[in-house]
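Numbering (the working numbering), first residue to last: -8 to 218. All C-beta atoms in this analysis are idealised placements derived from N, C-alpha and C, irrespective of residue type, glycine included. The model shown is predicted, which means the values in this text are computed figures rather than measured ones. Structure record follows, encoded as structure tokens.
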Ligand code: GAR
């Protein structure tokens, strides 16, 4: 009998812009030699800066410009064709700034994962850092979650918190939250690659062997909030 090898987890990453979360995903897969393959990075804008970075890394890239399609449904159908060609286990939304149609979400049910820059269910939608400052919350953060047809909603895989400091601007908060976003994706991509993530009967996320799925930004960097 030959040695059994760990199945490779096939990942497609969707971006709209700079792609720093996507870079973290790529770097984590490589640095940790995870049993995962980034099959494609796909953007809804041909000039997304992250596409150029991914191309330089030798990763297959594709643009599916949403402006080329008359309707949201037509764009989502074209995007689904591009993704399906990669036969992914998971589709990671990493700064992908399009609202997806229910049909698209159903098609990829259980495979679509999004990062959102707030502690959901607080502050869905856009301008989350402004919303947090306007509300006067003392903790803000980010959430990695499975996608459902409801915008910025779905089973939570991991969350990360940052303190809100007096005098913070939205940009200050965005920069602090982004550090935690990268930590979340680095951990979650490992959990996915190692096959640890599942949903229970209540549609809550379980991660086998992982006690803490919450992270916090401290002066020493981002740390699990319990050990
Ligand atoms: C990130 O802050 C991400 O959470 C946010 O866009 C930024 C993309 O940065 N996503 C959303 O707001 C989705 N609703 P990146 O391109 O450097 O990863």
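Contact test: residue i Cβ vs ligand 1 heavy atom, cutoff 7 Å
i: residue 151; result: no
i: residue 9; result: yes
i: residue 41; result: yes
i: residue 214; result: no
i: residue 166; result: no
i: residue 12; result: yes
i: residue 85; result: yes
i: residue 169; result: yes
i: residue 107; result: yes
i: residue 133; result: yes
i: residue 50; result: no
i: residue 29; result: no
Where residue i falls, given that 16 or more other Cβ within 10 Å makes a residue buried
i: residue 13; result: buried
i: residue 162; result: exposed
i: residue 6; result: buried
i: residue 210; result: exposed
i: residue 145; result: buried
i: residue 190; result: exposed
i: residue 86; result: buried
i: residue 15; result: buried
i: residue 52; result: buried
i: residue 134; result: buried
i: residue 112; result: exposed
i: residue 123; result: buried
i: residue 4; result: buried
i: residue -2; result: exposed
i: residue 58; result: exposed
i: residue 171; result: buried
i: residue 199; result: exposed
i: residue 76; result: exposed
Length of the line joining the Cα atoms of residue i and residue j
i: residue 93; j: residue 143; result: 13 Å
i: residue 42; j: residue 206; result: 29 Å
i: residue -8; j: residue 81; result: The predicted model places residue -8 with a pLDDT of 48, which falls under 50 and marks its position as unreliable; any figure quoted below should be read in that light. Using only the alpha carbons, I get a separation of about 30 Å.
i: residue 193; j: residue 159; result: 38 Å
i: residue 150; j: residue 118; result: 18 Å
i: residue 100; j: residue 9; result: 27 Å
i: residue 95; j: residue 156; result: 39 Å
i: residue 104; j: residue 136; result: 6 Å
i: residue 38; j: residue 67; result: 19 Å
i: residue 45; j: residue 17; result: 9 Å
i: residue 180; j: residue 208; result: 19 Å
i: residue 22; j: residue 90; result: 32 Å
i: residue 0; j: residue 176; result: 15 Å
i: residue 212; j: residue 164; result: 15 Å
i: residue 216; j: residue 115; result: 23 Å
i: residue 197; j: residue 84; result: 20 Å
i: residue 27; j: residue 88; result: 25 Å
CB-CB length for residue i against residue j, believed under 8 Å
i: residue 61; j: residue 34; result: Residue 61 to residue 34, Cβ: 20 Å. No contact.
i: residue 153; j: residue 173; result: That belief does not hold up - the Cβ atoms of residue 153 and residue 173 are roughly 12 Å apart, past 8 Å.
i: residue 20; j: residue 108; result: Wrong, their Cβ atoms sit about 23 Å apart, outside the cutoff.
i: residue 30; j: residue 70; result: At roughly 14 Å, the Cβ-Cβ gap does not stay under 8 Å, so residue 30 and residue 70 are not in contact.
Limits of the alpha helix (DSSP H) - the one that residue i falls within
i: residue 170; result: 161 to 184
i: residue 31; result: Per DSSP, residue 31 belongs to no alpha helix (DSSP H); it is in the beta strand (DSSP E), 27 to 34.
i: residue 17; result: 11 to 22
i: residue 57; result: Here residue 57 belongs to no alpha helix (DSSP H), and DSSP marks it neither H nor E.
i: residue 120; result: 119 to 126
Endpoints, beta strand (DSSP E) assigned at residue i
i: residue 105; result: 103 to 107
i: residue 5; result: 0 to 6
i: residue 152; result: 147 to 154
i: residue 54; result: 52 to 54
i: residue 215; result: 212 to 215
i: residue 137; result: 130 to 137
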